[in-house]
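Residue numbers (the working numbering): 105 to 547. For every residue, glycine included, the Cβ atom is placed at its ideal position computed from N, Cα and C. Notes for the one structure printed next.
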Ligand code: GLU
């Protein structure tokens with residue numbers, strides 16, 4: 105059977121690393137077995153859902169290269185939810201309830217006060233037909249709950265957490281539909297998972313108790329539940345991520361110069377028993393992707409680690425990948441000379457300035473100026489001008505180490521550090537090199 109996974113964001117905000125990780129793992133689960141990856145926009149909440157967030161989700165997935173095979177929108181599938189609702193109503197698995205928010209709050213407080221778990225007491229099931237008619241005559245429209253079957257424990261073999269067991273009597277019958285007819289998350293999601301043939305639901309562990317409820321919904325609708333896996337949550341070094349979610353979206357990452365491949369390499373393995381490595385080739389990540397390596401402890405997201413992975417990925421980035429973002433004039437050799445010095449591709453412009461100039465003027469003392477004059481004379485152009493220059497100067501001046509290299513680097517680039525001079529000097533070229541040595545020797 106083809107694996108079909110889905111990523112189901114609610115378009116009420118931008119994606120952040122936590123959502124991106126869920127999207128990635130679903131994408132990987134599908135791609136690893138040539139399955140299908142569906143983007144499902146959970147937009148039944150008309151008030152909180154915004155079109156700009158739908159666009160942003162698409163753009164972010166595109167930037168990350170997590171292309172969905174299909175896109176579905178819950179707001180366009182309401183007829184399906186109605187049909188399922190009617191079916192469940194007919195089989196007695198949904199029932200109307202009339203409590204107001206305040207009444208429910210009060211019930212909860214009383215239960216908590218008595219040290220009891222705040223489980224819905226099924227008061228609505230005690231109402232007679234006459235009670236219901238009277239309520240509706242008073243203009244109170246019902247909301248609707250799914251009636252959990254209390255007969256047997258709910259069990260599943262979770263792809264990350266192993267054997268799971270829930271006592272349904274310890275769960276509230278969930279409200280699935282509001283009095284105005286609008287839908288809450290729970291039922292539409294199960295209906296869609298059935299209709300789209302989802303084989304694997306992989307999501308955060310904050311959904312574990314939803315899974316227990318949804319397993320009963322699948323069964324009540326006459327379907328075999330999919331496989332479920334719940335990954336441990338992602339936390340920041342300093343605790344919950346929610347405090348700085350703004351800085352953890354794709355736009356912020358892109359602005360910081362983080363490559364999508366770095367984010368993906370990191371999120372693919374964070375929280376698993378496999379080491380996070382700067383692997384830019386997704387096929388390698390797919391080969392090693394395995395839910396059984398996922399840990400139960402919260403995974404820690406650390407920006408410094410992401411930056412390290414990013415730097416390592418930039419250092420081996422092929423020219424073709426970098427080229428569209430490089431200043432004009434950097435060819436493949438130029439890129440190879442510069443990239444070991446970069447932590448982001450954008451920094452290439454700063455380094456390229458060392459080739460094209462203008463470079464910062466440096467001041468040298470008398471003795472160094474004499475040395476630089478000798479260098480200018482010794483400079484002879486070949487395929488390896490730097491190596492030739494160094495060996496000549498070493499012999500003729502007796503200088504070595506820093507005294508040999510540093511003044512030359514400073515005169516030729518205006519900097520104390522930078523790209524390997526053996527690679528840089530051919531890019532600077534003979535004319536510019538002579539000009540720079542000439543200027544430096546004059547002080
Ligand atoms: N829209 C839900 C969420 O963002 C989807 C959960 C699920 O994957 O079923 O939490």
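{"query": "beta-carbon residue 224 near the ligand FMN non-hydrogen atom, thresh 8 angstroms", "result": "This structure lacks the ligand FMN; the ligands present are the ligand GLU."}
{"query": "Simplified DSSP state of residue 528, which is helix, strand or coil", "result": "helix"}
{"query": "Contacts around residue 209, its chain only, beta-carbon distance under 6 angstroms, and the 5 residues preceding and following it disregarded", "result": "none"}
{"query": "Residue from 319, 507, 404 and 432 with nearest C-alpha to residue 343", "result": "404"}
{"query": "Option nearest residue 435 by Cα separation, candidates 489, 447, 341 and 532", "result": "532"}
{"query": "Proximal residues to residue 48 (C-beta, below 6 angstroms), its chain only, five neighbours per side dropped", "result": "Since the first residue of the chain shown is 105 and the last is 547, residue 48 is not available in this structure."}
{"query": "Distance, residue 377 Cα to residue 522 Cα", "result": "37 angstroms"}
{"query": "Terminal residues of the alpha helix (DSSP H) in which residue 315 lies", "result": "312-324"}
{"query": "Start and end residues, beta strand (DSSP E) containing residue 199", "result": "198-201"}
{"query": "Residue 120 - DSSP class collapsed to helix/strand/coil", "result": "coil"}
{"query": "Sequence-distant residues of its chain with Cβ nearer than 7 angstroms to residue 508 (five each side left out)", "result": "494, 497 and 498"}
{"query": "Any non-hydrogen atom of the ligand GLU closer than 8 angstroms to residue 423 Cβ", "result": "no"}
{"query": "From 308, 299, 149 and 335, residue whose alpha carbon lies closest to that of residue 327", "result": "299"}
{"query": "From 206, 207, 204 and 186, residue whose alpha carbon lies closest to that of residue 198", "result": "186"}
{"query": "Residue 373 CB to nearest heavy atom of the ligand GLU below 8 angstroms", "result": "no"}
{"query": "Identity of the residues DSSP links to residue 267 by a beta bridge", "result": "261"}
{"query": "CA-to-CA distance, residue 373 to residue 492, given in whole angstroms", "result": "46 angstroms"}
{"query": "Nearest-angstrom Cα separation, counted from residue 241 out to residue 283", "result": "15 angstroms"}
{"query": "Burial state of residue 383, where buried means 16 or more other Cβ atoms lie within 10 Å", "result": "buried"}
{"query": "Residue span of the beta strand (DSSP E) that contains residue 446, given as start and end", "result": "Careful: residue 446 lies outside any beta strand (DSSP E) and carries neither H nor E."}
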